[in-house]
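Student:
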Amino acid sequence: MSGELKINNVVKSYGDKNVINSISFGATKGEFVVLVGPSGCGKSTMLRCIAGLETINSGSITIDGNEVSDKAPKDRDIAMVFQDYALYPHKDVYENIAFGLRMRKEPEAQIDRKVRAAAAKLDLTELLQRKPAAMSGGQRQRVAIGRAIVRDPKVFLFDEPLSNLDAKLRGDMRVTISRLHRELEATAVYVTHDQVEAMTLADKIIVLNGGKIQQMGTPVKLYYHPNNIFVATFIGSPTMNLIRGTVDAQLMFTSENNLKFQIPERFKENLSAHELAGKKLIWGMRTENLKISKEDQQGQKYAASVEVVELMGPQTSAHCIIEGHAVNVMLPTNAGVKVGDQLDLVFSSSHLYLFDETSGVSILDA
Amino acid sequence: MSEQENKKNWWVHLILIFGVGTAVFPLLRIIAISLRPGDKIFSTELSLFPTDAHFDNYIEVFTEIGFFGWLFNSIVITLLTAVIGVALAATAAYALSRYKFPMKSSVMVFLMATQMIPVVMLLLPLYFMLQKMQMIDTYAGVIVAYSVTTLPFCVWLLKGYFDTIPRSLEESAQVDGCTEVGSFWRIVLPLSTPSLAIAMLFAITQAWNEYIVARVILQSSELYTWPLGLFELQGDFDTRWGLFAAASVSVTIPVMLVFLYSSKWLLSGLTLGGVKG
Amino acid sequence: MDAYEALSQIFYLIIATGGAIFALEAVLYWSFYKYDKKYFILTSAAMGVLIAGLVVVFGWASEQTPVILYGGLIGIIAGLFNKLYWKGRYRIPFMMLAPGFLAVSLLVIYPFFFEMKLAFSNLNLYTINNWLNGGDLKFVGFSNFINVFTTSPLQTATFWQLLGRTFVWTGINLFFHVGIGLMLAILLNRKIMAKGFYRMLLIIPWAMPQVVAILAWRGEFHPQFGFINQFLMAIGLQGISWWSDPIPVFISCIIVNIWLGVPFMMIVFLGGLQSIPQSYYEAASIDGASKWLQFKEITIPMLKPAVVPSITLGTIWTFNNINVIYLMTGGNGGSEHADILVSALYKSAFTYSRYSFSAAFALVIFAVLIIMTLIWMKISKGTESAV
């Protein structure tokens, strides 16, 4: 039965180094929360603290109203799926899944029923007698997930479970996890460094860097309204383009290479509140914000010279130079873009990404 | 193998055969002596299998002297040493493998250092201590001495193996419902059976063949382990060569077979790989 | 004592061991889990004293007051550390380490201190009975240590002679162990037939129980009926009195120890050789390096890290090897011309009953070992940084 998770001002340090710097967040019943960030940002540590595998220095962790900060992992009613699956090599699949139930001394018949139900959900029924060594990575991962769901815990914890799988399997497993989450209405905390997993699986994403929360919100919110440069460049693939420059009183953005961009009128009100004159700014442009301009199209146009072309399926990533700036643009493949082409691109977006270069903070909280 | 290579290597084979000859020579000699009838013991024959070989010596060894008594004593002492030694080593090795704690490096250095101390150095105080506790001339005294001397190496061996078991297995067990010690007992130990077996084999080999400590602690001939008994057979003036040879062969052949059988295992055990989840 | 009594002693031992471990864990449990209780330090000390008291009552301690103080001290130390500093944090590792540590401290650390006490007293054949019956020992300052260096541990050798002989023993053995072992390993590493067969037979000296092997060799060195002299006489030379002449005795011990030690070195070298990737040799031969150059520049440097620990271990084992000397020279009452430091130590303690002297002797030998180890560590650090 899923429960609610609350993290309050948790601090975790190793020696003098603060790995987690007063983090607070919550997961409501049935919510799928994803912790993303680069290596070393503290996300795995946070997960392990929730699990009880690490102690916290201060703050509290509450599950369904019960404070569990001092409790051993087994007393927290959580289940965890590990990056290396952590299947017991000397036990077969059935026993691996049944282990947690046996530890809780549940009656044999009940164990059998639950194990088979979980196995059926994950397509493991034929593999119940096999040992982990005789299975593929994807199968092992399903067993690890089965072991977690059979316990019906209050909170599910996932520690980069898909990192060791090949690309195709990763895609399949993402769908499986998503489906299970909906079926079980489970509360989950999921750690990954892959922002694609975060964007596709999360109800709520928490971006971490250096032990601090950079931003917390739904995938859509983080995508269109990033708080700072870190979140803006971390979320979204390929990465957002960044162009340095300044803005004058007429809201004309001039880059250091003299590329000009006129900020639309509708943003004037928001911007007037900020002292922009003379500040070093960064203009962010997502790769889909530039399109090949048609003959009479209105809008700000830019001339781009194509340097490198990467075919990615229906879209092609074109690395171009626009007025001396390296800009990456996603264009439809059937436009036939090649290296050396001179393109006419038009800016097309309803969102504006503008950041203060020194602080990294977004100017438009639009 | 081409003929050319064969020809080139004849000198290699020559050296190796000479080496092998030296290696097996004493063994073959005592086998030969054990098979000689009593009156020919001191013959100056150099032949390996005398023409009138017979098993009188063996019969006498098995029936008249306390040979089986020696074996019994050795077995009791060796088995208990192996069990106690490995049990103590396993928990210590686990603590050293999985945890950080104050003075950990000192403990490890200390463990290594004890390997350097010659047993003879501690024999004297040990003797007096055991005497005070009335454990001289008992199995218990020897078992105690052996268990402790075998500890450092077993700890080192087991720690090496535990280090290769991924921690996520224990963490998973703890999330599933085990205590920390529980995950050691239920998950790590069952997975370590190969290494535990090697540690026991090592402890058994050490205890089985040991002479000096047993010599000091055991005094009644009833309690002699087989090395002590064998030494008895080889006094200065009345060496009973035939019996000595027969007893030697009787002990050596099984020990060697066990060693050779498990040697591949043992040697690879010093570099045992781990467990992949 | 007969076998049945000895067996029942074992039950006694198991119960005592179990009890000791249980008691230790109880103290630790109390220390790590209940350090918040009010009278914690007091109860810890009390527990320590109680257990120490039990030990005294059983008559296991040779002195009573120190043991009780020791027990109380342990209780207090464990308690203080926990209350102020650790707060129960390292409980699992300490509790798991405890039984092993208890065993080692009882049977290695305590004897060490006991040995030091003996070294400063006057225990020998004449005073032993008095002491065993509860008498006290006289403190004699450093006289035992001085005696070690001035009087002879054995009738035939002074300390310095023994020291020198030990170094010669270790050096010669090491040289041949490594030399022959390396040579055999190189030969076994080539592509030849029956490699496994040779290897299996060549480790027989290691597989045979040492006692059997040594005594068998002793027999072969017998002046009249041993194979060695018979062979010598068969080719027209005179037999050598291996059992009595000083130098032949020593040489026979060396030969036997070399025979015993080569297989281990061979296996270690073999393992090291097999772990060197072939690609190095192939690259070198493409570059035109001769076999000798390849050996010098590839084999030796890559073998070093794999092999140095084992060589260090082997050297220490050789330095401390008492079995070979003792058994080859006939044990107590046999020839003393081949004795090295450790075998002389054994004899001075158990043959000549010079107990305190032996204790001092033992500590001196230990000091020699430590100095050697420190020098070795400096040397190997030096070569490491050079590499």
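Protein chains in written order, with my numbering: chain A, 97 to 462; chain B, 43 to 319; chain C, 109 to 495.
Just so it is clear, CB atoms sit at the ideal spot from N, CA and C, and this is done for glycine as well.
From the DSSP output, in three-state form, read off valine 239 of chain A for me.
Tutor: Of the three classes helix, strand and coil, the one that applies to valine 239 of chain A here is helix, per DSSP.
Student: DSSP three-state label for lysine 397 of chain A, please.
Tutor: strand
Student: Are any of the Cβ atoms in chain B nearer than 9 Å to that of tryptophan 400 of chain C?
Tutor: no
Student: Give me the subset of the segment 205-219 of chain B whose CB atoms are less than 8 Å from a CB atom of chain A, sorted by chain position.
Tutor: Pro208, Ser210, Leu211, Glu213, Ser214, Ala215, Gln216, Val217, Asp218, Gly219
Student: Can you tell me which of the three DSSP states threonine 278 of chain C falls into?
Tutor: Residue state, collapsed to three classes: helix.
Student: What's the C-alpha gap between valine 103 of chain B and valine 364 of chain C?
Tutor: So the two alpha carbons sit approximately 27 Å from each other.
Student: State the Cα-Cα distance for the pair threonine 313 of chain B and histidine 186 of chain A, rounded to the nearest angstrom.
Tutor: Only weak support is given to the placement of threonine 313 of chain B: the predicted model assigns it a pLDDT of 46, under 50, and the value that follows is read from those uncertain coordinates. Rounded to the nearest angstrom, the two C-alpha atoms are 21 Å apart.
Student: Thinking C-alpha only, which one of C:Ala211, C:Val212, C:Ile122, C:Ala153 is nearest isoleucine 514 of chain C?
Tutor: Nothing about residue 514 of chain C can be read from this structure; chain C reaches only from 109 to 495.
Student: Using three-state DSSP, classify leucine 460 of chain A as helix, strand or coil.
Tutor: coil
Student: Once DSSP output is grouped into helix, strand and coil, what is the label at tyrosine 110 of chain A?
Tutor: strand
Student: Leaving out the 5 sequence neighbours to the left and right, which residues in its chain are closer than 6 Å to lysine 318 of chain B when beta-carbon positions are compared?
Tutor: Residue confidence for lysine 318 of chain B is low, a pLDDT of 36 falling below 50, so the modelled location carries little weight; the figure read from the coordinates is stated next. Spatial neighbours of lysine 318 of chain B in its own chain (CB-CB distance under 6 Å, excluding positions within 5 residues in sequence) are not present.
Student: Counting only runs of 3+ residues fully inside the segment 138-162 of chain A, write out the beta strand (DSSP E) ranges in chain order.
Tutor: 154-159
Student: Distance check for phenylalanine 121 of chain A and asparagine 105 of chain A, CA to CA, integer angstroms please.
Tutor: 8 Å
Student: With respect to the alpha helix (DSSP H) encompassing isoleucine 428 of chain C, which residues constitute its N-terminal and C-terminal limits?
Tutor: Per the sequence shown, residue 428 of chain C should be read as asparagine rather than isoleucine. Counting along the chain, asparagine 428 of chain C falls outside any alpha helix (DSSP H), and DSSP gives it neither H nor E.
Student: In whole angstroms, give me the CA-to-CA distance for asparagine 99 of chain B and serine 116 of chain B.
Tutor: 22 Å
Student: Residues in the segment 423-450 of chain A with C-beta within 8 Å of chain B's C-beta atoms, listed in sequence order?
Tutor: Residues passing the 8 Å Cβ filter: none.
Student: Go ahead and label asparagine 428 of chain C buried or exposed: buried means 16 or more other beta carbons lie within 10 angstroms of its beta carbon, across all protein chains shown.
Tutor: buried
Student: Quick one: grab the DSSP three-state call for threonine 454 of chain A.
Tutor: Secondary structure of threonine 454 of chain A (DSSP, three-state): coil.
Student: Could you tell me whether the segment 246-263 of chain B touches the segment 201-213 of chain A, using the rule of 3 or more Cβ pairs below 8 Å?
Tutor: no
Student: Once you ignore the five residues that flank tyrosine 85 of chain A on each side, which residues in its own chain have a CB closer than 8 Å to its CB?
Tutor: In the structure as shown, chain A begins at 97 and stops at 462. Residue 85 of chain A is therefore absent and cannot be evaluated.
Student: Start and end of the alpha helix (DSSP H) containing glycine 304 of chain C?
Tutor: Taken as a continuous stretch (DSSP letters only), the alpha helix (DSSP H) holding glycine 304 of chain C covers 303-310.
Student: Look at the Cβ atom of isoleucine 435 of chain C, then the Cβ atom of isoleucine 473 of chain C, and state whether they are nearer than 9 Å.
Tutor: Going by the sequence as given, residue 435 of chain C is leucine instead of isoleucine. No. Outside cutoff.
Student: Do valine 62 of chain B and leucine 310 of chain C come within 9 Å of each other at the CB atom, strictly closer than that value?
Tutor: yes
Student: Identify every run of the alpha helix (DSSP H) within the segment 166-205 of chain B, keeping only runs that are complete inside it and at least 4 residues long; order them along the chain.
Tutor: 181-205
Student: Looking at glycine 234 of chain A: is its Cβ nearer than 9 Å to the Cβ of isoleucine 193 of chain A?
Tutor: Contact: no.
Student: Name, please, each residue of chain B whose Cβ falls closer than 7 Å to the Cβ of tyrosine 184 of chain A.
Tutor: Simply Leu211, Ile229.
Student: Could you check the C-alpha separation between lysine 412 of chain C and glutamine 382 of chain C for me, to the nearest Å?
Tutor: Distance between the alpha carbons of lysine 412 of chain C and glutamine 382 of chain C is about 13 Å.
Student: Would you say leucine 233 of chain B reaches chain A, if we count a Cβ-Cβ gap shorter than 9 Å as a contact?
Tutor: yes
Student: Where does isoleucine 159 of chain B sit, in a helix, a strand or coil, going by DSSP?
Tutor: coil
Student: Which residues in the same chain as tyrosine 297 of chain C place their Cβ atom closer than 8 Å to its Cβ, once the five residues preceding and following it in sequence are excluded?
Tutor: Correcting the residue type first, residue 297 of chain C is asparagine in the shown sequence and not tyrosine. Cβ within range, chain order: Leu378, Leu381, Gln382.
Student: Cα-Cα, which of C:Pro371, C:His330, C:Ala321, C:Met374 is closest to isoleucine 295 of chain B?
Tutor: C:Ala321
Student: Do you know how far the Cα of isoleucine 355 of chain C is from the Cα of alanine 432 of chain C?
Tutor: Checking the sequence, you will find valine at residue 432 of chain C rather than alanine. Computed Cα separation, rounded: 16 Å.
Student: The segment 312-328 of chain A: which residues have C-beta closer than 7 Å to a C-beta of chain B, in chain order?
Tutor: For the segment 312-328 of chain A, there are no residues whose beta carbon sits under 7 Å from a beta carbon of chain B.
Student: List, in chain order, every chain B residue whose beta-carbon is nearer than 8 Å to that of arginine 298 of chain C.
Tutor: Asn51, Val54
Student: Using a Cβ-Cβ cutoff of 7 Å, what residues of the segment 190-222 of chain A are near chain B? List them in chain order.
Tutor: Phe195, Gly196, Met199, Arg200
Student: For glutamine 310 of chain A, collect the residues of the same chain with a Cβ closer than 7 Å to its Cβ; drop the 5 residues on either side in sequence, then sort them by chain order.
Tutor: Val303, Leu304, Asn323, Asn324, Phe326, Val327
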